[in-house]
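Asks: Chains as they are written, first to last, in the working numbering: chain C, 1 to 246; chain Z, 1001 to 1246.
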């Protein structure tokens, strides 16, 4: 690969539960073969109705206790929603970091109030981001007549580094990693520990164009050569046995 | 921003200590105003002579003890070099994760044997990656006649996620983050916790084109609008007081 383009899909409307995302994206873009379509989790969650109304939530004792430990002083009902989406609390001092049902470790279990209309509403991560990506991939292939890859992305924080970056939650038709173990570098040495998280890199590249305040939840990466390999978002979740930061 | 290009700089030769990187890059590319030039740490370190020969290293007791705990069974002298580059051991089970003198938390303190000629040689991170980036930026401005930004990048692993991704160690003429705190999202809500690590995203985008086995240590990101803001690699290091994973 010597050249990529990263292109905003412009003019998308606000997404509502039940909307056909593939239809929306196909009608606002001219996809080419092997394009990687990076879609912000937020609009996938909206289309899938993965929204909760806080008026329907009752905070339990644990949620109330945790809310007091956090610098953002969240509504305890939001903490309850986070707990409902999570299987494990990783940290609950200053910020709340949990492991989600999918295995993602992230702030607030992926529960978020931004870009969700209504003071009372928060969005949840898609139930199965790989399935969301695959459904979109199949829909886009049918509507556009070309084979594309799809990444459902979200912005995650990182320990030790400031700020958030876009990562790949769900993947279809795109490799998750380039596994170079066993290959040799430019001077003939083994690359024994080199697994490139290429789907996360694609999500990050798209993240530059997505921003957060302009309505650009879909970005196309053109010119990427995945070598015909297909991965999943699950591939990018480090197994518990290798996790040194539980 | 609605469109970025990510372009490999092709045909660069092997870099040696003392080489003028700005001269090498300028003579192999046609830079445009506001290009972001992403340069792999490895060639910066080589040009700056940040190479150690293991024959000159004697492993101490701590290095020998740690080497036995690691799955890669490294030469204890390599571990000694890592300790020499580090101020703190973060983990030394299975893999060795340290905090470098700069404050980066990464595997092996950034010490690496790949893409360094000679079985006996390892590369170290640049002494001051921001200074390295600034020197390159000034040199490229002079040689090319246009103002560009420079990011010195390296691939770091991440807890909880598989694989490595490119991050920005040193920055000149490019923002480190887009700090959206205080702005409002598309539905009018405060984006109170949104600091986008845009320099890391730029490094990641370049990382897709860099690969590891083709000789592409320099990649240009064209079309990026940094709004005239300039940051440093130090901006992206999370302060110890906010670090929940020490």
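Every residue, glycine too, gets a C-beta built ideally from N, C-alpha and C.
Answer with buried or exposed for residue 83 (chain C), where buried requires no fewer than 16 other C-beta atoms within 10 angstroms of its C-beta.
Replies: Under this definition residue 83 (chain C) is a buried residue.
Asks: Can you list, in chain order, the residues of its chain whose CB lies under 8 Å from that of residue 17 (chain C), leaving out five sequence neighbours each side?
Replies: Answer for residue 17 (chain C): 46, 47, 48, 49, 51, listed in chain order.
Asks: At least one CB of chain Z closer than 9 Å to the CB of residue 195 (chain C): is that the case?
Replies: Yes, contact with chain Z.
Asks: So for residue 149 (chain C), helix, strand or coil by DSSP?
Replies: Reduced to three states, the DSSP call for residue 149 (chain C) is strand.
Asks: Report yes or no: is there a C-beta of chain C within less than 9 Å of the C-beta of residue 1182 (chain Z)?
Replies: Not one chain C Cβ lies under 9 Å of residue 1182 (chain Z).
Asks: Is residue 85 (chain C) close to chain Z, meaning its C-beta is less than 9 Å from at least one C-beta of that chain?
Replies: Not one chain Z Cβ lies under 9 Å of residue 85 (chain C).
Asks: If I measure Cβ to Cβ from residue 208 (chain C) and keep anything under 8 Å in the same chain, skipping five residues before and after, which residues do I get?
Replies: Contacts found: 6.
Asks: Grouping DSSP H, G and I as helix and E and B as strand, with all else coil, what is residue 1014 (chain Z)?
Replies: Coil.
Asks: Give the residues from the stretch 1203-1221 of chain Z that approach chain C closer than 7 Å (Cβ to any Cβ), ordered along the chain.
Replies: If the cut-off is 7 Å between Cβ atoms, the stretch 1203-1221 of chain Z has 1204, 1205, 1207, 1208, 1209, 1212, 1213, 1215 near chain C.
Asks: Specify the secondary structure class of residue 132 (chain C) as computed by DSSP and reduced to three states.
Replies: The answer is helix: DSSP assigns residue 132 (chain C) an H, G or I state.
Asks: Secondary structure at residue 66 (chain C), three-state DSSP: helix, strand or coil?
Replies: Correct three-state label for residue 66 (chain C): helix.
Asks: In chain order, what residues of the same chain have a beta carbon less than 6 Å from the beta carbon of residue 1067 (chain Z), not counting five sequence neighbours either side?
Replies: The residues are 1074, 1076, 1079.
Asks: Listing by chain order, which chain C residues have their CB less than 9 Å from the CB of residue 1040 (chain Z)?
Replies: Within chain C, no residue comes near residue 1040 (chain Z); the closest Cβ sits about 11 Å away, beyond 9 Å.
Asks: Residue 149 (chain C) CB to nearest chain Z CB: under 9 Å?
Replies: By this cut-off, residue 149 (chain C) is not an interface position.
Asks: Taking the Cβ atom as the reference point for each residue, do residue 1009 (chain Z) and residue 1216 (chain Z) lie within a distance shorter than 9 Å?
Replies: It is a contact, given that the beta carbons lie within the stated cut-off.
Asks: So the candidates are Z:1246, Z:1195, Z:1204, Z:1170; which of them puts its Cα closest to the Cα of residue 211 (chain C)?
Replies: Measuring from the Cα of residue 211 (chain C), the nearest candidate turns out to be Z:1195.
Asks: When the Cα of residue 231 (chain C) is compared with those of C:3, C:200, C:239, C:205, which residue comes out closest?
Replies: Out of C:3, C:200, C:239, C:205, C:200 has the C-alpha closest to the C-alpha of residue 231 (chain C).
Asks: Might you give, ordered along the chain, the residues of its own chain that have their beta carbon closer than 6 Å to the beta carbon of residue 1155 (chain Z), omitting 5 neighbours on each side?
Replies: So the qualifying residues of the chain are 1164, 1166.
Asks: From C:81, C:13, C:241, C:65, pick the residue whose C-alpha is nearest to that of residue 1159 (chain Z); which is it?
Replies: The shortest C-alpha separation from residue 1159 (chain Z) is found at C:241.
Asks: What does a CB cutoff of less than 6 Å around residue 28 (chain C) pick up in its chain, not counting 5 residues either side in sequence?
Replies: Excluding positions up to five away in sequence, the list reads 9, 11, 12.
Asks: Give, in chain order, every residue of the stretch 22-56 of chain C whose Cβ lies closer than 8 Å to some Cβ of chain Z.
Replies: Result list empty, no residue passes.
Asks: Are the CB atoms of residue 1218 (chain Z) and residue 1043 (chain Z) nearer to each other than 9 Å?
Replies: Yes, these two residues count as a Cβ contact at 9 Å.
Asks: Quick one: is residue 1226 (chain Z) buried, meaning 16 or more other Cβ sit within 10 Å of its Cβ, or exposed?
Replies: With 16 or more Cβ atoms within 10 Å of its Cβ, residue 1226 (chain Z) is classed as buried.
Asks: Using a C-beta cutoff of 9 Å, does residue 1114 (chain Z) count as contacting chain C?
Replies: Yes, its Cβ sits closer than 9 Å to a Cβ of chain C.
Asks: Quick one: what's got a C-beta closer than 7 Å to residue 64 (chain C)'s C-beta in the same chain, skipping five residues either side?
Replies: 76.
Asks: How big is the Cα-Cα spacing for residue 1146 (chain Z) and residue 1036 (chain Z)?
Replies: Cα to Cα, residue 1146 (chain Z) sits roughly 11 Å from residue 1036 (chain Z).
Asks: Can you tell me whether residue 1142 (chain Z) is buried or exposed? The criterion is at least 16 other CB atoms within 10 Å of its CB, across all chains shown.
Replies: The residue in question, residue 1142 (chain Z), is exposed, as its Cβ has fewer than 16 Cβ neighbours within 10 Å.
Asks: Going by Cα to Cα distance, which pick from Z:1103, Z:1113, Z:1126, Z:1061 is closest to residue 1041 (chain Z)?
Replies: Ranking Z:1103, Z:1113, Z:1126, Z:1061 by Cα distance to residue 1041 (chain Z) puts Z:1126 first.
Asks: Quick check for students: name the residue ranges of the beta strand (DSSP E) that lie wholly in the stretch 1138-1184 of chain Z, counting only runs of 3 or more.
Replies: List check, beta strand (DSSP E) in window: 1149-1158, 1161-1172.
Asks: Going along chain Z in order, which residues have a C-beta closer than 8 Å to the C-beta of residue 76 (chain C)?
Replies: Those do not exist, as residue 76 (chain C) stays about 18 Å from chain Z at its closest Cβ, beyond 8 Å.
Asks: In the DSSP assignment, the beta strand (DSSP E) including residue 99 (chain C) goes from what residue to what residue?
Replies: Note, residue 99 (chain C): beta strand (DSSP E), 95-100.
Asks: Counting only the same chain and skipping the five closest in sequence on each side, list residues whose C-beta sits under 6 Å from that of residue 92 (chain C).
Replies: So the qualifying residues of the chain are 66, 69.
Asks: Below 8 Å on the Cβ atoms is my guess for residue 1237 (chain Z) versus residue 1103 (chain Z); work out the distance and round it to an integer in Å.
Replies: With 8 Å as the limit, residue 1237 (chain Z) and residue 1103 (chain Z) qualify as a contact, their Cβ atoms being about 4 Å apart.
Asks: Mind checking residue 33 (chain C): buried by the 16 CB within 10 Å criterion, or exposed?
Replies: Classification of residue 33 (chain C): exposed, given that the 10 Å Cβ count is below 16.
Asks: What do you reckon, are the CB atoms on residue 133 (chain C) and residue 233 (chain C) nearer than 9 Å?
Replies: Cβ distance < 9 Å, so residue 133 (chain C) and residue 233 (chain C) count as in contact.
Asks: Could you tell me which chain Z residues have their CB closer than 7 Å to the CB of residue 13 (chain C), listed as they occur along the chain?
Replies: Per Cβ cutoff of 7 Å: no residues; residue 13 (chain C) is ~11 Å from chain Z at best.
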